[in-house]
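Beneath this line is the structure, given in structure tokens, with notes to follow.
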Ligand SMILES: [Fe+2]
């Protein structure tokens with residue numbers, strides 16, 4: 001797959017076809033972001049090592065192959081995780097007992113935030129939890145995130161994502177009941 | 193001498209009549225610079241580095257407060273953070289120096305060594321040279337003493353307390369605040385997310401454009417904290433040319449490549465023997481194990497999310513064998 005291109009045609013008028021990676025002619029640079037169905041995964045050249053040591057995956061590849069709103073663990077450092085997945089239509093309602101941060105990697109994702117009337121979780125609950133149907137509570141507001149936008153999912157809130165077209169998210173959070181670990185399926189060296 | 197004795201002796205020598213620079217000592221290490229090189233001497237040896245590479249590495253060691261684990265300026269010289277104290281070494285993580293018995297290491301209080309490092313970079317940095325900048329964006333550091341650039345070398349690392357953009361926290365960068373879009377990120381969209389906060393929730397309903405924020409970074413290879421979940425720190429950074437150090441991990445560190453491409457040279461932390469080359473492109477996420485050193489190469493300025501676990505219990509757990517050197521076994 002070829003990587004996404006974002007620069008204007010004018011900036012690249014002097015660039016020969018095929019010179020698509022980082023055209024330098026004319027002073028223009030193309031910043032390559034990935035997108036769902038439009039990314040180029042990197043690779044590991046082994047000299048004296050095991051590729052599994054690098055736990056190497058790609059969030060767009062994860063988002064392509066997972067179920068909508070499956071929160072696939074792509075990074076893990078003790079119980080802290082980075083989850084990745086695909087936003088598509090409405091998500092379930094989630095809740096947390098600590099801050100989480102969502103980063104939109106591609107597309108457009110709406111985040112609806114509610115402050116539940118009473119806390120839905122014990123104060124020491126870890127990770128994201130399902131919150132059932134839309135919890136009763138005060139509307140906190142909403143975010144609409146496009147590529148590169150990072151939003152706060154504040155401690156003690158309930159939240160729902162919504163995406164009109166398939167989009168890609170990553171979430172800075174803690175390993176919890178909705179986190180899905182399937183390392184062998186997503187990582188280089190895992191046999192996929 | 194005992195490896196754990198702490199040295200408290202530091203000095204700055206008089207200005208050289210020839211070069212205009214001072215030489216400095218920390219314990220039995222001596223540092224001097226001339227028109228092209230930094231020279232490091234210790235009781236068993238002497239080592240030279242091109243002064244541009246030395247200053248870029250020294251700048252990172254200062255800006256990061258000795259960072260996590262080992263900051264190798266190159267294959268010979270560097271520092272290891274003991275969080276409160278710092279080991280300075282020559283050849284300690286170099287197989288050949290170790291085998292020949294030529295390695296040397298001394299321990300300092302971080303609070304005593306840091307002022308010397310800051311004095312050294314202030315004295316050795318000439319007018320127009322910025323050790324945080326990519327080579328194409330700065331004048332050269334060569335030659336005899338010619339002014340200084342304290343505005344550049346005293347930059348503070350940006351650390352959000354909760355998230356960039358929240359009221360009272362680090363704010364997004366703008367032209368007005370002195371952060372124009374970098375030439376290599378001129379095509380990065382600068383749109384802001386839609387944020388609709390109901391009354392009373394303005395301090396919790398918040399989002400900002402991280403990619404735009406990064407496109408306006410005026411430094412390279414200098415992570416700034418942008419979101420904080422307890423010890424889980426998102427430390428994104430913009431990278432162009434070479435990571436000025438070989439970072440020797442004392443814990444697992446994660447990278448998520450946000451744009452473009454970086455190739456990482458990975459070597460054994462103890463010996464320096466090559467282990468792998470890891471090429472990461474946009475969307476790739478990978479761990480750096482706790483027993484390696486790594487150095488990145490970025491031909492075009494790229495956006496990298498460095499993800500750290502700041503818990504200082506981790507290095508001890510790894511040393512005691514209670515935590516693995518890789519984050520996940522599968
Ligand atoms: Fe590192």
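Chains as they are written, first to last, in this note's numbering: chain A, 1 to 192; chain B, 193 to 522. Using N, Cα and C, we set each Cβ at its ideal position, and we do this for glycine too.
Under 6 Å Cβ to Cβ from residue i, same chain only, skipping five residues before and after it: list those, please.
| i | result |
| --- | --- |
| residue 432(B) | 326, 412, 490 and 493 |
| residue 138(A) | 115 |
| residue 212(B) | 336 and 337 |
Counting only beta-carbon separations shorter than 7 Å, does residue i have a partner in chain E?
| i | result |
| --- | --- |
| residue 38(A) | No chain E is part of this structure, whose protein chains are labelled A and B. |
Need the endpoints of the beta strand (DSSP E) that residue i sits in, please.
| i | result |
| --- | --- |
| residue 47(A) | It is not in any beta strand (DSSP E) - residue 47(A) carries neither H nor E in the DSSP assignment. |
| residue 234(B) | 229-234 |
| residue 476(B) | 476-480 |
| residue 166(A) | 158-174 |
| residue 224(B) | 221-225 |
| residue 256(B) | Taken as a continuous stretch (DSSP letters only), residue 256(B) belongs to no beta strand (DSSP E), as it is neither H nor E. |
| residue 188(A) | Where residue 188(A) is concerned, there is no enclosing beta strand (DSSP E), given that its DSSP letter is neither H nor E. |
Quick one: is residue i near chain A, going by C-beta distance under 7 Å?
| i | result |
| --- | --- |
| residue 427(B) | no |
| residue 396(B) | yes |
| residue 471(B) | yes |
| residue 376(B) | yes |
| residue 385(B) | yes |
| residue 316(B) | no |
| residue 193(B) | Low local confidence applies: a pLDDT of 45 at residue 193(B) is under 50, so the model's placement there is unreliable, with the coordinate-based value given in what follows. No, its Cβ sits nowhere closer than 7 Å to a Cβ of chain A. |
| residue 393(B) | yes |
Of all the CB atoms in chain B, is at least one closer than 7 Å to the CB of residue i?
| i | result |
| --- | --- |
| residue 167(A) | no |
| residue 144(A) | yes |
| residue 137(A) | no |
| residue 46(A) | yes |
| residue 152(A) | yes |
| residue 113(A) | yes |
| residue 161(A) | no |
| residue 25(A) | Unreliable positioning characterises residue 25(A) in this predicted model, as indicated by a pLDDT of 46, which lies under 50. The coordinate reading is nonetheless provided below. It does not: the Cβ of residue 25(A) has no partner Cβ on chain B nearer than 7 Å. |
| residue 134(A) | no |
| residue 1(A) | Because the pLDDT of residue 1(A) is 37, which lies under 50, any placement of that residue in the model is unreliable, and the number read from its coordinates should be weighed accordingly. Answer no: the Cβ-Cβ gap between residue 1(A) and chain B never drops below 7 Å. |
| residue 60(A) | yes |
| residue 42(A) | yes |
| residue 158(A) | no |
| residue 96(A) | no |
| residue 148(A) | yes |
| residue 176(A) | no |
| residue 74(A) | yes |
Residue i versus chain A: which residues are under 8 Å apart at the beta carbon?
| i | result |
| --- | --- |
| residue 451(B) | 31, 32 and 33 |
| residue 415(B) | In chain order: nothing, as chain A lies at least about 15 Å away. |
Against residue i, what residues of chain A qualify as contacts under a CB-to-CB distance less than 9 Å, listed in chain order?
| i | result |
| --- | --- |
| residue 501(B) | 77, 78 and 80 |
| residue 222(B) | Those do not exist, as residue 222(B) stays about 36 Å from chain A at its closest Cβ, beyond 9 Å. |
| residue 341(B) | Per Cβ cutoff of 9 Å: no residues; residue 341(B) is ~26 Å from chain A at best. |
Are the Cβ atoms of residue i and residue j separated by less than 7 Å?
| i | j | result |
| --- | --- | --- |
| residue 54(A) | residue 302(B) | no |
| residue 224(B) | residue 217(B) | no |
| residue 414(B) | residue 255(B) | yes |
| residue 162(A) | residue 88(A) | no |
| residue 437(B) | residue 210(B) | no |
| residue 135(A) | residue 116(A) | yes |
| residue 141(A) | residue 121(A) | no |
| residue 289(B) | residue 283(B) | yes |
| residue 160(A) | residue 101(A) | no |
| residue 198(A) | residue 444(B) | Since the displayed chain A opens at 1 and closes at 192, residue 198(A) lies outside it and no answer follows. |
| residue 31(A) | residue 220(B) | no |
| residue 260(B) | residue 442(B) | yes |
| residue 328(B) | residue 299(B) | no |
| residue 36(A) | residue 355(B) | no |
Span of the alpha helix (DSSP H) holding residue i?
| i | result |
| --- | --- |
| residue 437(B) | Careful: residue 437(B) lies outside any alpha helix (DSSP H) and carries neither H nor E. |
| residue 380(B) | Here residue 380(B) belongs to no alpha helix (DSSP H), and DSSP marks it neither H nor E. |
| residue 446(B) | Here residue 446(B) belongs to no alpha helix (DSSP H); instead the beta strand (DSSP E) covers 445-449. |
| residue 405(B) | 402-407 |
| residue 316(B) | 302-316 |
| residue 506(B) | 506-511 |
| residue 65(A) | 59-65 |
Which residues of chain B have a Cβ atom closer than 7 Å to the Cβ of residue i, listed in chain order?
| i | result |
| --- | --- |
| residue 183(A) | 520 and 522 |
| residue 129(A) | Within chain B, no residue comes near residue 129(A); the closest Cβ sits about 16 Å away, beyond 7 Å. |
Here's a check: name, in chain order, each residue in its chain whose Cβ is nearer than 8 Å to the Cβ of residue i, leaving out the five neighbours to either side.
| i | result |
| --- | --- |
| residue 238(B) | 231 and 232 |
| residue 90(A) | 160, 161 and 162 |
| residue 108(A) | 144, 145, 146, 163, 164, 165 and 167 |
Quick one: list the residues of chain B neighbouring residue i, beta-carbon separation under 8 Å, in chain order.
| i | result |
| --- | --- |
| residue 49(A) | 458, 467 and 468 |
What does residue i touch in chain B if you count any residue whose Cβ is under 9 Å from its own?
| i | result |
| --- | --- |
| residue 56(A) | 470, 472, 476, 477, 478 and 479 |
| residue 173(A) | 421 and 424 |
| residue 99(A) | 354, 355, 419, 420, 421 and 422 |
| residue 193(A) | The structure shown does not extend to residue 193(A), since chain A spans only 1 to 192, so no value can be given for it. |
Taking 7 Å as the limit between beta carbons, can you name the residues of its chain near residue i, skipping five residues before and five after?
| i | result |
| --- | --- |
| residue 132(A) | 93 |
| residue 273(B) | 258, 259, 260 and 261 |
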